Amino acid sequence: MALFIAFEGLDGAGTTTQARLLADRLEERGLTVHLTKEPSEGPVGSLISLVLKRRLVSPRVGRPLDPFPSELLALLFAADRIDHMQAEILPNLQTGTVVITDRYLLSSLAYQSLGCDLAWLREINREAITPDLTVLLDVPAPVCMRRIEKERWQTELFEGVEKLSVVRKNYLRLASSRIGEEMSVCVLDGEREIEVIQSEIWNLLAARSWIPEGEAPSRSGEGQIELGLPRRSADPELPFEESS
Ligand code: TYD
């Protein structure tokens, strides 16, 4: 079954863990799954990874550009998305594979609007196909920061509690706007146990009849969990917060 599912959230929100668990469980059910991520492992994605780690040295300057221009980074993410789509996402969907991506378009809209205009971001990403479902794992920024600091010795470009707090607001605003509706964004409380969240994600797929018949693989009292946070009314006019 060709399905395209994106996981979104702040750094440290658990997107990688939940995407991997869902991929494993769908495979257990006999579905063919392609698990992928953005920035991708393609040429532009690799360049972005260097930028995020502040390791892309500008030859004329002799050191990484600081600050790295927001528009340039936004264009790199948009270019990587087209490459990712052409090289991985579309070919897999065309053979009936479920594609699960750890980050996609909503990341660009939530993170890059720290420094760029939202309408322009949408424009440069207009070729990106729309996911069938976007799961947004909502976790407060201080909790994400604590998780990141526990796991890594070095933080990346967007990792700081003030920036992440603004990105979280952007994510939630996008989720409750027309954009969120178009991308079928479901907001889940990502502060709970891994198994509880996974079970809720499973329920989201089951409610859309995307899961082959059989027992749910979770052990955490499925059926008793409420689906998602209440969605706020669509308000595309809300201004976006930029980083100070
Ligand atoms: P992350 O998802 O943690 O990837 P990795 O585990 O490979 O380091 O980091 C990617 C960072 O890039 C994260 O801070 C979010 C940011 N990002 C954007 O700003 N825009 C985008 O379009 C994407 C895909 C990611």
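Using our numbering, you'd call the opening residue of the sequence shown number 1012 and step up by one each time. The beta-carbon is built from N, C-alpha and C at its ideal position, and this holds for glycine as well. Here the structure is a predicted model, which is why all the values come from computation and not from measurement.
Assignment of residue 1088 by DSSP, reduced to helix, strand and coil, places it in the helix class.
Selection 1074, 1169 and 1058 evaluated against residue 1118 yields 1169 as nearest (Cα-Cα).
For residue 1122, the shortest C-beta to heavy atom distance toward the ligand TYD is below 7 Å. Of all C-beta pairs linking the segment 1161-1181 to the segment 1091-1107, fewer than three are shorter than 8 Å, placing the two stretches out of contact.
Under the DSSP assignment, residue 1168 falls outside any alpha helix (DSSP H); it carries neither an H nor an E label.
The three-state reading of DSSP puts residue 1125 in coil, since its state is none of H, G, I, E or B. Within the segment 1104-1148, the complete beta strand (DSSP E) segments at least 3 residues long are 1109-1113, listed from N- to C-terminus. The three-state reading of DSSP puts residue 1077 in coil, since its state is none of H, G, I, E or B. DSSP places residue 1173 in the uninterrupted alpha helix (DSSP H) bounded by 1172-1186. Relative to residue 1132, the option among 1107, 1185, 1101 and 1151 whose CA is nearest is 1185.
Excluding its 5 nearest sequence neighbours in each direction, residue 1063 has C-beta neighbours in its own chain below 6 Å: 1167 and 1168, listed in chain order. A straight-line Cα-Cα distance of about 20 Å links residue 1111 and residue 1054.
For residue 1167, the shortest separation between its Cβ and any heavy atom of the ligand TYD lies below 7 Å.
Of the residues 1193, 1075 and 1153, the one whose Cα lies closest to the Cα of residue 1143 is 1193. With a cutoff of 8 Å on beta-carbon distance, residue 1025 and residue 1175 are scored as not near each other. Scanning its chain for C-beta atoms nearer than 7 Å, with the 5 sequence neighbours on each side dropped, one finds around residue 1034 the residues 1044, 1046 and 1111, in chain order.
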